[in-house]
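Chemist: First residue of the sequence shown: 1369, per our numbering; consecutive thereafter.
A single structure is presented below for examination.
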Amino acid sequence: GVAAGINHVQLDFGDAIVEDPSDIILANGNIGSTSFDLDAGLRYSWKGLLEIGIAAPHVLESIAVIQSKGSEDEFTYDLSRHFSAYAGYDFWIKKDWLIAPSAMVRWLPYNTNISYDGTVKFGYKEIVWASFTWRAETGPVAGIGFKVADKFMFGYAYDFTLNGIDGNPGAPWSNEIMIGFNLDGFKKRIKRLEDDMAGMKQDSELMYERMDSLESELNSKMDSLGREVDGVKTDVSDLKDAQDKDLLRLQEEIDKLNKEIEDVNSRMIDTNMLKGMLQQITPYKNEDGSVGMTQSDLESGYYVVIESFRSVENAWKGVEIWKEKGRDGIIVYDSERKWFYVYSTKYDSFKPAVKEMRKTRKKDVPDAWVHKYRIDAEDLKK
């Protein structure tokens, strides 16, 4: 984790006790400066019981510079980088009461002095706690705290400072108040997930037991059924031989009839298709002698076009191909655009034509379209 902060240093010379009241520095009155601060640390936890951590406060080693008024004198407040290491273990008694001893050591890279702390924390269900700390250089610290609704934390600590800055007793004591808000609901979520997984595991084991039982029952029934089938196969074998002979004779008769039908079909003309083409198409002859179609005698309506060609020969080939695919096509010639359209269906109104077009696109003609021919204004309004 990291922690960012702001430090503000204030010097009030009006409260200073000095040997020379005429010193010009006292004219500064109340002056101050602000600097930024950054801490960093690493923590390792094992089973929620053992904790080991290292930290480096004042990583930036920021300096608050206070400029004297009316002179070039400066006052500096240095935040020196130092390091600390921490280790602690939680002992739970009957899952409710906690005794947590811990120790911390601090040292400066450019100073041989090393300070030690020892702490014992007593708690109940992580709801309320009290602690006692002994610092090797300054003396004892006592603290209490409690948690509200598993989110808010409040704490208070009192530092019984026995040695001041100059090493003399009687230095001011200090108070510390802590207010925290916990955004981490992962522990409860993980506990719920673990409970859900345990339930799922139990259900899975029951399901596998049930599956094994059903598999055993199924195998028993399959064995019994297999014996019955073997008995039936013997009886069916004789009957099958007789049926095979009858089927072979019937197949020969069917093949003979199909041959006769093919011979008849090869000599027949699809009169219905020819009649429809004569009704819808008016033949004409071009100057070069080629035969085409015109729209002049075509009924008004909406025609679902499945293909279009520039030459009538290709149009007729298209009709034959669509006939092989099971779709009848009729040719009409657009004299204005000079295209031969092969259409499959004609409708008197627009909606069913569009519906058929969409159905045709989905089935086998992805680029089918609707050709409007001689549609009056009243029909267009509809």
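Note that the Cβ used here is the ideal one computed from N, Cα and C, for glycine as well.
#1: By DSSP, does D1716 sit in helix, in strand, or in coil?
#2: Could you tell me which residues DSSP pairs with K1378 in its beta bridges?
#3: Using a Cβ cut-off of 8 angstroms (strictly closer), state whether W1684 contacts chain D.
#4: Taking 8 angstroms as the threshold (C-beta atoms), are V1710 and V1687 in contact?
#5: Can you give, in chain order, each stretch of the beta strand (DSSP E) that sits fully within the stretch 1414 to 1469 and has at least 3 residues?
#6: Can you name the start and end residues of the alpha helix (DSSP H) that I1689 belongs to?
#7: Quick one, are the C-beta atoms of Y1457 and L1418 less than 8 angstroms apart?
#8: Tell me whether N1479 sits in a helix, a strand or coil according to DSSP, three-state version.
#9: On the criterion of 16 or more Cβ atoms from any shown chain inside 10 Å, does K1714 qualify as buried, or is it exposed?
#10: For the pair the stretch 1414 to 1434 and the stretch 1447 to 1464, tell me if three or more CB-CB distances fall below 8 angstroms.
#11: With a threshold of 7 angstroms (Cβ to nearest heavy atom), would I1558 be considered close to the ligand ATP?
#12: Measuring alpha carbon to alpha carbon, tell me which of A1371, Y1492, I1547 and V1433 ends up nearest P1425.
#13: Do you know how far the Cα of R1617 is from the Cα of D1609?
#14: Take W1502 as the anchor and find which of I1495, I1482 and T1529 has the nearest alpha-carbon.
#15: Taking the straight line between their C-alpha atoms, what separation do you get for I1547 and P1477?
#16: Look up G1567 in the DSSP assignment and give the residues it is bridged to.
#17: Among I1392, P1508, R1449 and S1572, which residue has its Cα nearest to the Cα of E1440?
#18: Could you please give the first and the last residue of the uninterrupted beta strand (DSSP E) stretch that includes E1544?
#19: Do you know offhand how far A1566's Cα is from E1577's?
#20: Whether or not the stretch 1394 to 1405 and the stretch 1369 to 1386 are in contact is what I'm after, with contact meaning three or more pairs of Cβ atoms, one per stretch, closer than 8 angstroms; do they touch?
#21: Between which residues of its own chain and Y1524 is the CB-CB distance below 8 angstroms, once the five residues before and five after are set aside?
#22: Could you tell me if E1704 is buried or exposed, where buried requires 16 or more neighbouring beta carbons within 10 angstroms of its beta carbon?
#23: Determine the DSSP secondary structure at I1622, reduced to helix, strand or coil.
#24: If you drop the 5 nearest sequence neighbours on each side, which residues of the same chain put their C-beta closer than 6 angstroms to that of Y1412?
#25: Hey, quick one: how far does the beta strand (DSSP E) through M1506 stretch, first residue to last?
#26: Does DSSP put L1530 in a helix, a strand or coil?
Modeler: Concretely, from the data shown:
#1: coil
#2: Note that residue 1378 is Gln in the sequence shown here, rather than Lys. G1400.
#3: The chain labelled as chain D is not found in the depicted structure, where only one protein chain is given.
#4: Contact flag set, yes.
#5: 1418 to 1424, 1431 to 1435, 1442 to 1446, 1451 to 1457 and 1459 to 1461
#6: V1680 to E1692
#7: yes
#8: Coil at N1479, not helix or strand.
#9: buried
#10: yes
#11: Within the structure as shown, the ligand ATP is missing, as the structure has no ligands at all.
#12: A1371
#13: 13 angstroms
#14: T1529
#15: Going by the C-alpha atoms only, they are around 32 angstroms apart.
#16: Its beta-bridge partners do not exist; DSSP assigns none.
#17: I1392
#18: S1542 to F1549
#19: The alpha-carbon separation between A1566 and E1577 amounts to approximately 17 angstroms.
#20: yes
#21: G1511, I1512, G1513, N1543, E1544, I1545 and M1546
#22: exposed
#23: helix
#24: I1420
#25: Note that residue 1506 is Thr in the sequence shown here, rather than Met. Per DSSP, T1506 belongs to no beta strand (DSSP E) and is neither H nor E.
#26: coil
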